[in-house]
Amino acid sequence: MSRESALVNADWVEQHLDDPKVVLVEVDEDTTAYDKGHIRGAIKLDWTTDLQDQVRRDFVNKAQFEALLSDRGVANDDTVVLYGGNNNWFAAYAYWYFKLYGHQDVKLLDGGRKKWELDSRELTADATSREKTSYTATEQDLSIRAFRDEVVAAIGTQNLVDVRSPDEFAGRLLAPAHLPQEQAQRAGHIPTAANVPWSKAANDDGTFKSDDELKEIYTEAGVDWNKDTIAYCRIGERSSHTWFVLKEILGEENVKNYDGSWTEYGSLVGVPIALGDEPGLPEGQSA
Amino acid sequence: MCGATEGGLSLDGVDVKKEAIIQGQVTKGGEPVGTAYVRLLDRTGEFTAEVPTSATGHFRFFAGPGEWTLRTLAPQSEPVDSKVTAATGVIAEVAVTL
Numbered sequence: 001m002s003r004e005s006a007l008v009n010a011d012w013v014e015q016h017l018d019d020p021k022v023v024l025v026e027v028d029e030d031t032t033a034y035d036k037g038h039i040r041g042a043i044k045l046d047w048t049t050d051l052q053d054q055v056r057r058d059f060v061n062k063a064q065f066e067a068l069l070s071d072r073g074v075a076n077d078d079t080v081v082l083y084g085g086n087n088n089w090f091a092a093y094a095y096w097y098f099k100l101y102g103h104q105d106v107k108l109l110d111g112g113r114k115k116w117e118l119d120s121r122e123l124t125a126d127a128t129s130r131e132k133t134s135y136t137a138t139e140q141d142l143s144i145r146a147f148r149d150e151v152v153a154a155i156g157t158q159n160l161v162d163v164r165s166p167d168e169f170a171g172r173l174l175a176p177a178h179l180p181q182e183q184a185q186r187a188g189h190i191p192t193a194a195n196v197p198w199s200k201a202a203n204d205d206g207t208f209k210s211d212d213e214l215k216e217i218y219t220e221a222g223v224d225w226n227k228d229t230i231a232y233c234r235i236g237e238r239s240s241h242t243w244f245v246l247k248e249i250l251g252e253e254n255v256k257n258y259d260g261s262w263t264e265y266g267s268l269v270g271v272p273i274a275l276g277d278e279p280g281l282p283e284g285q286s287a
Numbered sequence: 288m289c290g291a292t293e294g295g296l297s298l299d300g301v302d303v304k305k306e307a308i309i310q311g312q313v314t315k316g317g318e319p320v321g322t323a324y325v326r327l328l329d330r331t332g333e334f335t336a337e338v339p340t341s342a343t344g345h346f347r348f349f350a351g352p353g354e355w356t357l358r359t360l361a362p363q364s365e366p367v368d369s370k371v372t373a374a375t376g377v378i379a380e381v382a383v384t385l
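From first to last, the protein sequence lines stand for chains P and G.
This note's numbering numbers the first residue of the first sequence as 1 and each following residue consecutively.
This note's numbering numbers the first residue of the second sequence as 288 and each following residue consecutively.
Shown next, in the form of structure tokens:
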């Protein structure tokens, strides 16, 4: 992948508003944002109800994903363009999700909803209806999804990139203050992880920084480009943003998103944890 | 917008004594700007949080004590930076004029 194949800009979207094979999909943390106004023709995916199993902590399965996209009118050969608020956090998460289930042509709108709004481009509250389809997903592509055992095995050997804020990384905070739920039992980070907050990869308007700037940011943070990489955050959405940067924009191979992230790792019994601003030693700390 | 009150957003249910609150309103030509984004940057200029303004132009952060910068972005306006000091138990009010 590359910047050219994974990203589109707002002009491109405006030129394709009436293209029936281009499906705009809005995914927000604030799931009411779409209802107040969205890009004309866009459908909405609710990350809490549409993309997560409602009983166990996991994604919807292949059959559920197929039913969801069929119902919303997404076809296998459609170009899916994702965008959303929060600098595209949840849109990037959905992008990764579409890739996980094998959708071929999926792109992210650079800058997401914020850039679109700041450009004073048109939003509408009009409902979108698309003909139902018969969508077929592939089995999950586990080359882009990391599970806890792989993460523990990666300590001290692979790149672990913790994309949370420095205070969450150090263990001074467990979650952003406006989201008190879903907390882990312990604070801190996975030993040897580099802390590169997701926001370093984005400009003020939400667009991604240039390839050269991005390379420099991760290199400076200690990412070894010859090693495989696992990105994580708190619940796996901010790390999708960084996964997108490393895998889809910079074209690095072997980059996984650990969607269990800190809410899983910080609740595991017996795994090492590092506190403070430094990556720490593989064995972590104990007190 | 939900719970908006005169002078700002509702603080019902928030223990103000424990929080270092930064809040305010974004206006342009005396009119509230409900389409702005306010970014909270720490004392090193590092991004910490971002919120869209309410329909009445209001915004709020639960920051920590210390020096912060608010960077306000809005359509057809240049970004505006405002310095603010937050302290626990105090509500720091910031009027941002575009």
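All C-beta atoms, glycine included, are put in the ideal place defined by N, C-alpha and C.
Chain order gives the chain G residues near SER120/P as PRO362 and GLN363, where near means a beta carbon separation below 8 Å.
Burial state of LEU328/G is buried, judged by a 10 Å Cβ sphere holding 16 or more other Cβ atoms. Cβ neighbours of ALA374/G within its own chain (closer than 7 Å, five residues either side excluded): ALA307 and PRO352. When 8 Å is used as the limit between beta carbons, ASP205/P is near these residues of chain G: LEU360, in chain order. Within chain P, the residues placing a beta-carbon under 9 Å from that of THR322/G are GLU117, LEU118 and SER120, ordered along the chain. Every alpha helix (DSSP H) of 4 residues or more that sits fully in the region 160–225 of chain P is shown, in chain order, as 166–170 and 211–220. At a Cβ-Cβ threshold of 9 Å, ASP162/P and ALA194/P count as neighbours.
Under the DSSP assignment, GLU264/P falls in the alpha helix (DSSP H) whose first and last residues are 261–265.
For LYS114/P, the neighbours in chain G by C-beta distance under 9 Å run, in chain order, TYR324, GLU337, PRO339 and LEU360. Around TRP262/P, the same chain offers ALA184 and ARG234 as residues with beta carbons nearer than 6 Å, after the five sequence neighbours per side are excluded. Burial is judged here by how many other beta carbons sit within 10 angstroms of a residue's own beta carbon; LYS99/P has at least 16 and is buried. For the region 342–374 of chain G, the continuous beta strand (DSSP E) assignments of 3+ residues that do not extend past its boundaries occur at 345–350, 353–360 and 367–373, in sequence order. Between the C-alpha atoms of ARG57/P and THR48/P there is a straight-line separation of about 11 Å.
Listed by position along chain G, the residues whose Cβ is nearer than 7 Å to that of SER165/P are THR335. Interface with chain G (9 Å Cβ-Cβ cutoff): GLY84/P is excluded. Rounded to the nearest whole angstrom, the C-alpha separation of ALA33/P and PRO282/P is 42 Å. Counted as a single uninterrupted DSSP element, the stretch harbouring ARG326/G is not any alpha helix (DSSP H) but the beta strand (DSSP E) occupying residues 324–328. Listed by position along chain P, the residues whose Cβ is nearer than 8 Å to that of PRO366/G are ASP204. Listed along the chain, the chain G residues whose CB falls inside 7 Å of the CB of SER199/P are PHE334.
Counting of Cβ neighbours within 10 angstroms places THR219/P among the exposed residues, the total staying below 16. Contact annotation: GLU139/P and LYS62/P have beta-carbon atoms nearer than 9 Å. According to the DSSP secondary-structure assignment, THR314/G is paired through a beta bridge with PRO319/G and THR384/G. Nearest Cα to ASN203/P within the set GLY41/P, GLY156/P and GLY111/P: GLY111/P. With respect to chain G, the C-beta atom of ASN76/P has no partner C-beta closer than 9 Å. At a cut-off of 9 Å between C-beta atoms, ASN87/P counts as an interface residue with respect to chain G. A distance below 9 Å separates the beta carbons of HIS189/P and ALA170/P.
In the DSSP secondary-structure assignment, ARG145/P is bridged to ASN257/P. GLY316/G and LEU385/G have their C-alpha atoms roughly 8 Å apart.
Per DSSP, TYR95/P lies in no beta strand (DSSP E); the unbroken alpha helix (DSSP H) holding it starts and ends at 85–100. Fewer than three beta-carbon pairs drawn from the region 86–101 of chain P and the region 148–168 of chain P are found closer than 8 Å, and the two stretches are therefore not classed as touching. LYS115/P counts as buried, since no fewer than 16 other beta carbons sit within 10 angstroms of its beta carbon.
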